[in-house]
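So the structure is just underneath, and the comments pick up after that.
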Amino acid sequence: MKYVFTLLTLCLAALPAAYAQTTADFENLETGAAGFLNGSDGSAGFSSGNIFLPNSYNPMFMSWSGWAISSVTDTTTPGFTNQYSAIAGGGHEGSDNYAVTFASPSAVVHLTGEAAGAPVAGVYVTNSTYAYLSMLEGDSFAKQFGGESGDDPDFFRLTVKKYLGGELSTDSVDFFLADYRFEDNAQDYIIDEWTFIDLSSLGNADSLWFTLASTDIGTFGMNTPAYFCIDNLTTTDMPVNTRAVQRSEAKLQAFPNPASSEWHLRWEMDQPAQAKLWNMQGQLLASFTLKPGVQVLSAAALPPGGYLLQIEGQGGRLSKRLVKY
Amino acid sequence: MVPCRPLSHLLCCCAGLLLQLSALAQVRTDSIYTLPGAEVSARPLSRHTIGVAEVAWDTTELSLQAGYFLPDLLERTGTAYIKSYGGGSIATTSIRGGSAGQTAVTWNGLPLQSPMLGQLDFSLFPLSFTDEAALQLGSGTASWGSGAVGGTVVLNNRPLAEDGMELGLRLLSGSFGLSDQQARLRWRKSGWAVGTRLFHRQASHDFWYELENGEERQQQHAAVEQKGGLQEVYWSPSARHEVRLLAWWQASGREVPPTTVQARSRAFQLDTFLRTALRWEHTASKGLYRVQAAWFRESIDYADPLIALRAYSYFKTLLTEAEGEWQWGRQHVKGGLFSNYTQAVADGYGGARPQEHRMAAFGSVRRSFGPLTAQLSARQGISDGQPMPFVPDLGLEWRWSSALSSRFRLNRSFRLPTLNDRYWAPGGDPALQPEQGWGAELGIDAEHSLGQIALNGQATVYHRRMTDWILWSVEEGQGFWSANNITTVRSRGLELQGGMHAPLLSGGLRLNGSYAYSEAVNLVALQLPALAAGQQLPYTPRHLGHLSATYRRGSLLVRYWHRWAGAVGSSNQGELPGYNLGGLHLQHGFFRWRFLGSAFLRADNIWGASYRVVERRPMPGRAFQIGFNFTYKK
Numbered sequence: 001m002k003y004v005f006t007l008l009t010l011c012l013a014a015l016p017a018a019y020a021q022t023t024a025d026f027e028n029l030e031t032g033a034a035g036f037l038n039g040s041d042g043s044a045g046f047s048s049g050n051i052f053l054p055n056s057y058n059p060m061f062m063s064w065s066g067w068a069i070s071s072v073t074d075t076t077t078p079g080f081t082n083q084y085s086a087i088a089g090g091g092h093e094g095s096d097n098y099a100v101t102f103a104s105p106s107a108v109v110h111l112t113g114e115a116a117g118a119p120v121a122g123v124y125v126t127n128s129t130y131a132y133l134s135m136l137e138g139d140s141f142a143k144q145f146g147g148e149s150g151d152d153p154d155f156f157r158l159t160v161k162k163y164l165g166g167e168l169s170t171d172s173v174d175f176f177l178a179d180y181r182f183e184d185n186a187q188d189y190i191i192d193e194w195t196f197i198d199l200s201s202l203g204n205a206d207s208l209w210f211t212l213a214s215t216d217i218g219t220f221g222m223n224t225p226a227y228f229c230i231d232n233l234t235t236t237d238m239p240v241n242t243r244a245v246q247r248s249e250a251k252l253q254a255f256p257n258p259a260s261s262e263w264h265l266r267w268e269m270d271q272p273a274q275a276k277l278w279n280m281q282g283q284l285l286a287s288f289t290l291k292p293g294v295q296v297l298s299a300a301a302l303p304p305g306g307y308l309l310q311i312e313g314q315g316g317r318l319s320k321r322l323v324k325y
Numbered sequence: 001m002v003p004c005r006p007l008s009h010l011l012c013c014c015a016g017l018l019l020q021l022s023a024l025a026q027v028r029t030d031s032i033y034t035l036p037g038a039e040v041s042a043r044p045l046s047r048h049t050i051g052v053a054e055v056a057w058d059t060t061e062l063s064l065q066a067g068y069f070l071p072d073l074l075e076r077t078g079t080a081y082i083k084s085y086g087g088g089s090i091a092t093t094s095i096r097g098g099s100a101g102q103t104a105v106t107w108n109g110l111p112l113q114s115p116m117l118g119q120l121d122f123s124l125f126p127l128s129f130t131d132e133a134a135l136q137l138g139s140g141t142a143s144w145g146s147g148a149v150g151g152t153v154v155l156n157n158r159p160l161a162e163d164g165m166e167l168g169l170r171l172l173s174g175s176f177g178l179s180d181q182q183a184r185l186r187w188r189k190s191g192w193a194v195g196t197r198l199f200h201r202q203a204s205h206d207f208w209y210e211l212e213n214g215e216e217r218q219q220q221h222a223a224v225e226q227k228g229g230l231q232e233v234y235w236s237p238s239a240r241h242e243v244r245l246l247a248w249w250q251a252s253g254r255e256v257p258p259t260t261v262q263a264r265s266r267a268f269q270l271d272t273f274l275r276t277a278l279r280w281e282h283t284a285s286k287g288l289y290r291v292q293a294a295w296f297r298e299s300i301d302y303a304d305p306l307i308a309l310r311a312y313s314y315f316k317t318l319l320t321e322a323e324g325e326w327q328w329g330r331q332h333v334k335g336g337l338f339s340n341y342t343q344a345v346a347d348g349y350g351g352a353r354p355q356e357h358r359m360a361a362f363g364s365v366r367r368s369f370g371p372l373t374a375q376l377s378a379r380q381g382i383s384d385g386q387p388m389p390f391v392p393d394l395g396l397e398w399r400w401s402s403a404l405s406s407r408f409r410l411n412r413s414f415r416l417p418t419l420n421d422r423y424w425a426p427g428g429d430p431a432l433q434p435e436q437g438w439g440a441e442l443g444i445d446a447e448h449s450l451g452q453i454a455l456n457g458q459a460t461v462y463h464r465r466m467t468d469w470i471l472w473s474v475e476e477g478q479g480f481w482s483a484n485n486i487t488t489v490r491s492r493g494l495e496l497q498g499g500m501h502a503p504l505l506s507g508g509l510r511l512n513g514s515y516a517y518s519e520a521v522n523l524v525a526l527q528l529p530a531l532a533a534g535q536q537l538p539y540t541p542r543h544l545g546h547l548s549a550t551y552r553r554g555s556l557l558v559r560y561w562h563r564w565a566g567a568v569g570s571s572n573q574g575e576l577p578g579y580n581l582g583g584l585h586l587q588h589g590f591f592r593w594r595f596l597g598s599a600f601l602r603a604d605n606i607w608g609a610s611y612r613v614v615e616r617r618p619m620p621g622r623a624f625q626i627g628f629n630f631t632y633k634k
């Protein structure tokens with residue numbers, strides 16, 4: 001486990017003072033011989049720095065959604081058989097690991113620990129090899145950007161929003177992973193290097209919400225492969241007096257976890273608190289009052305996968321990962 | 001307009017050759033020959049249902065389509081919409097607003113739709129391997145079972161009609177590297193009949209096509225090579241018994257071309273199958289009994305070295321059927337049992353080898369009441385222990401006069417989910433319900449003569465509503481596509497057909513025309529796939545028209561056909577514009593001693609239309625073919 005903690009001295013415009021920052025670079029995760037982690041070990045997600053990347057793996061279908069961690073360096077093989085690869089050929093600045101997501105329709109990054117409820121400085125992004133080569137050359141489903149003439153004003157856009165207090169922000173940050181809208185086709189581009197996106201304008205956040213849009217869209221949704229990669233996501237470690245307190249998870253016990261039909265939640269506080277259950281796409285599934293003692297949270301209607309239970313009370317905030325199998 | 005680049009010299013050669021043959025025939029017009037028993041067969045096809053609108057092709061018409069495949073026949077005779085991905089590529093149908101899986105295809109009474117995909121790639125069926133072909137429009141579920149919703153293509157083989165021997169050879173060459181060779185040997189004597197048919201075909205399909213901005217590009221990586229053989233053995237130990245054994249093997253290797261917005265493709269697909277059938281038929285004084293068993297093994301080997309993908313799948317199926325027909329006075333009664341056991345293997349099944357066992361009982365009663373003939377049919381089956389929908393089918397025909405009749409049908413139809421729908425991982429659902437619905441149609445048929453001019457016409461209106469329509473969709477909170485009984489589709493339309501035959505310049509002129517209006521709308525608003533309520537289904541044209549003119553004089557035949565398809569919605573944004581296609585066929589026959597032969601020249605898309613049937617899939621421009629038929633009969 002290797003965390004990279006970076007203490008920055010610069011002042012962020014959105015913040016009243018200088019705070020410590022933590023960079024999630026995923027180097028603490030071992031990708032093994034396969035070169036990727038797709039949740040097949042039942043981890044339901046990946047933690048690095050002060051973020052948690054949810055993952056859902058279906059052992060019956062051997063499929064995954066959410067996030068995967070990768071160190072794959074193959075930048076020449078097109079198609080979904082090379083779905084874990086970043087076109088940059090590795091992590092940011094030559095590091096080994098990075099994260100890749102299948103953002104269909106969206107992907108969420110949860111902020112944890114001291115970063116929960118605090119601003120996010122930014123993240124490095126690049127195209128997956130699958131999406132990059134699909135846009136560059138086309139494939140049997142998706143078009144070569146520019147179309148038959150090369151003049152189609154195509155684009156592949158990443159939009160980032162935040163969740164705070166259970167609400168999705170209207171403010172967003174857009175970043176074009178490919179842009180063919182220029183009059184001069186020579187200026188058309190597809191991102192093939194790690195590129196920094198400043199997310200400080202989003203302000204305080206509990207989680208980040210990512211979605212992709214493409215001009216190549218049809219009856220069955222977006223034809224461009226809905227993949228992109230991130231690395232070095234930098235969060236702000238905000239002082240206690242400027243944000244909600246992150247409670248100790250010891251105050252909340254959930255068992256069994258993973259569960260097949262229900263979780264028993266033991267709330268070891270004297271006062272009730274508001275609880276919210278989120279799925280990995282950032283959708284609010286349930287909102288209820290958590291009373292002192294033990295109560296049951298049904299999982300029967302939920303598809304297998306990872307979930308986030310978020311508790312908010314007078315004393316601060318607590319997040320706990322729940323897994324349904 | 002897409003120019004034809006290579007074949008102007010070939011056209012000249014062909015024209016010259018035809019002139020020579022024509023001259024040969026003219027020299028011999030004062031001689032008398034006995035033609036060696038040319039077979040023109042159009043016998044009623046088995047399981048003809050009262051009230052059904054049917055288009056049938058006899059052997060003469062099929063021989064004119066030599067070297068073509070099943071989509072060519074349906075397209076050039078204007079009866080069905082063919083969704084073709086390009087020369088030699090996959091071709092499926094939409095009939096009466098149905099999906100590709102709602103067209104049934106039977107070969108000697110046996111269903112050919114893949115149990116994995118629920119449909120048949122029509123481009124794999126060479127017309128030289130069939131002797132009778134018909135298209136029955138509308139539901140045929142009571143007769144043919146699952147999938148016969150929009151229509152049923154009925155294909156049959158039969159032995160040589162009389163004792164003797166027939167040796168045939170067909171050679172065809174044409175644009176885009178087309179080379180086609182067919183051979184057949186048929187023999188019949190002392191209750192035995194044997195037939196062997198072989199074919200080999202290859203084409204590069206490297207045609208030029210026009211891009212949206214007017215530039216031209218040559219199709220790449222589109223070569224096709226197909227070869228196959230059909231062995232038939234018929235044994236009639238007495239006039240009342242016939243045993244037949246059929247074995248059909250075929251391999252079709254196809255390069256998968258890139259789309260118009262794809263820089264390159266290296267994908268390759270090999271379709272291989274072996275279909276065998278054994279049938280015993282007994283004709284009694286008042287009845288007919290038939291028992292048959294068939295075993296099919298069909299595989300698809302798809303490889304794309306660019307993306308390091310290899311996908312091999314296959315299925316094996318055992319079909320058995322026993323049926324009987326009896327005639328008691330004015331009643332014709334039929335009944336039978338059908339069983340189908342299938343096992344399939346595919347990477348997409350996640351290591352499982354799904355099996356499926358279907359059984360069905362079917363029957364019908366037909367009786368005439370003066371000018372009215374009525375038929376009531378029914379079918380009930382079970383699939384893996386679960387009952388299939390009960391299918392009643394009522395057909396009525398009222399003959400007003402010798403030249404005028406009307407017909408009516410009311411029936412139920414269904415299509416069972418495919419093995420992919422049920423077991424593909426992720427997304428398959430073993431608990432899927434069959435698509436099912438009711439349909440009705442009303443038609444009128446008329447014939448009339450004005451001196452030597454014969455006229456005929458047919459008009460049909462139909463209405464069908466299918467519920468539990470299966471689509472692959474993304475459900476709320478679900479990150480993958482899955483098969484769901486998600487929508488309802490209403491199909492209704494009007495079909496008009498007309499024909500005329502008249503003597504002209506010592507020959508005969510036949511005109512045929514047809515028009516079909518098909519409305520097939522989705523009735524449930526869907527998010528993914530994005531289909532609005534009331535939206536016409538993609539790749540289902542509202543308008544389809546066809547016109548052909550054939551002139552025969554002696555052994556000379558000239559035909560022009562024209563086809564018009566209206567605009568269709570595509571899978572992506574926008575709609576594909578409609579298109580007009582024209583084709584020309586010149587043929588001249590000759591006979592000498594025991595040899596019967598003909599030479600023909602065909603031109604497809606003679607107006608050089610630049611069109612697409614499927615978005616991003618170019619279609620060939622003007623193309624020529626020259627061919628020769630040689631038959632030796634003894």
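Chains A and B, in that order, give the protein sequences.
1 is the number of the first residue of the first sequence in UniProt numbering; add one for each residue after it.
1 is the number of the first residue of the second sequence in UniProt numbering; add one for each residue after it.
Backbone N, C-alpha and C define an ideal beta-carbon position, used for all residues, glycine too.
Rounded to the nearest angstrom, how far is the Cβ of residue i from that of residue j, given a contact under 8 Å?
{"i": "B/Ala203", "j": "B/Pro159", "result": "The Cβ separation is near 31 Å, so there is no contact."}
{"i": "residue 639 of chain B", "j": "B/Leu596", "result": "This structure cannot settle anything about residue 639 of chain B, because the visible part of chain B is limited to 1 through 634."}
{"i": "B/Val224", "j": "B/His200", "result": "Contact flag wrong, Cβ pair sits at about 11 Å."}
{"i": "B/Ala446", "j": "B/Leu404", "result": "5 Å"}
{"i": "B/Ala294", "j": "B/Leu110", "result": "5 Å"}
{"i": "A/Gly94", "j": "A/Ser71", "result": "With a Cβ gap of about 12 Å, A/Gly94 and A/Ser71 do not count as contacting."}
{"i": "A/Trp194", "j": "A/His92", "result": "4 Å"}
{"i": "B/Arg553", "j": "B/Leu505", "result": "7 Å"}
Are there 16 or more other CB atoms within 10 angstroms of the CB of residue i, so buried, or fewer, so exposed?
{"i": "B/Leu21", "result": "Note that B/Leu21 has pLDDT 36, beneath the 50 cutoff, so the model's placement of it is unreliable and no number is given."}
{"i": "B/Ile82", "result": "buried"}
{"i": "B/Glu356", "result": "buried"}
{"i": "B/His546", "result": "buried"}
{"i": "B/Val2", "result": "Reliability of the predicted coordinates at B/Val2 is poor, the pLDDT of 37 falling under 50, and the value obtained from them is presented with this limitation in mind. So B/Val2 counts as buried."}
{"i": "B/Gly437", "result": "buried"}
{"i": "A/His110", "result": "buried"}
On a Cα-Cα basis, can you pick out the residue from the options that is closest to residue i?
{"i": "B/Ala284", "options": "B/Leu246, B/Thr272, B/Gln250 and B/Arg240", "result": "B/Arg240"}
{"i": "residue 652 of chain B", "options": "B/Leu416, B/Thr342 and B/Phe630", "result": "Residue 652 of chain B lies beyond the stretch modelled for chain B, which goes from 1 to 634, so this question has no answer here."}
{"i": "B/Leu537", "options": "B/Leu471, B/Pro503, B/Ser506 and B/Gly499", "result": "B/Leu471"}
{"i": "B/Arg616", "options": "A/Phe141, A/Gly45, A/Tyr84 and A/Val108", "result": "A/Phe141"}
{"i": "B/Leu306", "options": "A/Phe52, A/Val72, A/Tyr130 and A/Pro78", "result": "A/Pro78"}
{"i": "B/Asp468", "options": "B/Arg492, B/Ser413 and B/Gly498", "result": "B/Ser413"}
{"i": "B/Gly88", "options": "B/Thr59, B/Asn484 and B/Phe176", "result": "B/Phe176"}
{"i": "A/Phe255", "options": "A/Leu309, A/Trp209 and A/Gly218", "result": "A/Leu309"}
{"i": "A/Ala33", "options": "A/Asn50, A/Val123, A/Phe46 and A/Thr73", "result": "A/Thr73"}
Using a Cβ cut-off of 8 Å, pull out every chain A residue sitting near residue i, in sequence order please.
{"i": "B/Arg264", "result": "Glu137"}
{"i": "B/Asn213", "result": "Glu148, Ser149 and Asp151"}
Name, please, each residue of chain B whose Cβ falls closer than 8 Å to the Cβ of residue i.
{"i": "A/Met62", "result": "Gly350 and Ala425"}
Mind pulling the chain C residues with CB within less than 8 Å of residue i?
{"i": "B/Asn484", "result": "Chain labels in this structure do not include chain C; the protein chains are A and B."}
*Please go through the stretch 152-236 of chain B and give each complete beta strand (DSSP E) segment of 3 or more residues, from N-terminal end onward.*
164-174, 178-189, 192-203, 208-210 and 216-218
Note to self: Which complete alpha helix (DSSP H) runs does the stretch 257-302 of chain A hold, if anything under 4 residues is left out?
What the structure shows: If we require 4 residues or more, the stretch 257-302 of chain A turns out to have no alpha helix (DSSP H) run fully inside it.
- [ ] Mind listing, in chain order, the continuous alpha helix (DSSP H) runs of no fewer than 4 residues lying wholly within the stretch 15-52 of chain A?
- [x] none
Item to complete: Just list the alpha helix (DSSP H) runs in the stretch 374-442 of chain B, keeping only unbroken ones of 4 residues or longer that don't cross its boundaries, in chain order.
Response: 419-423
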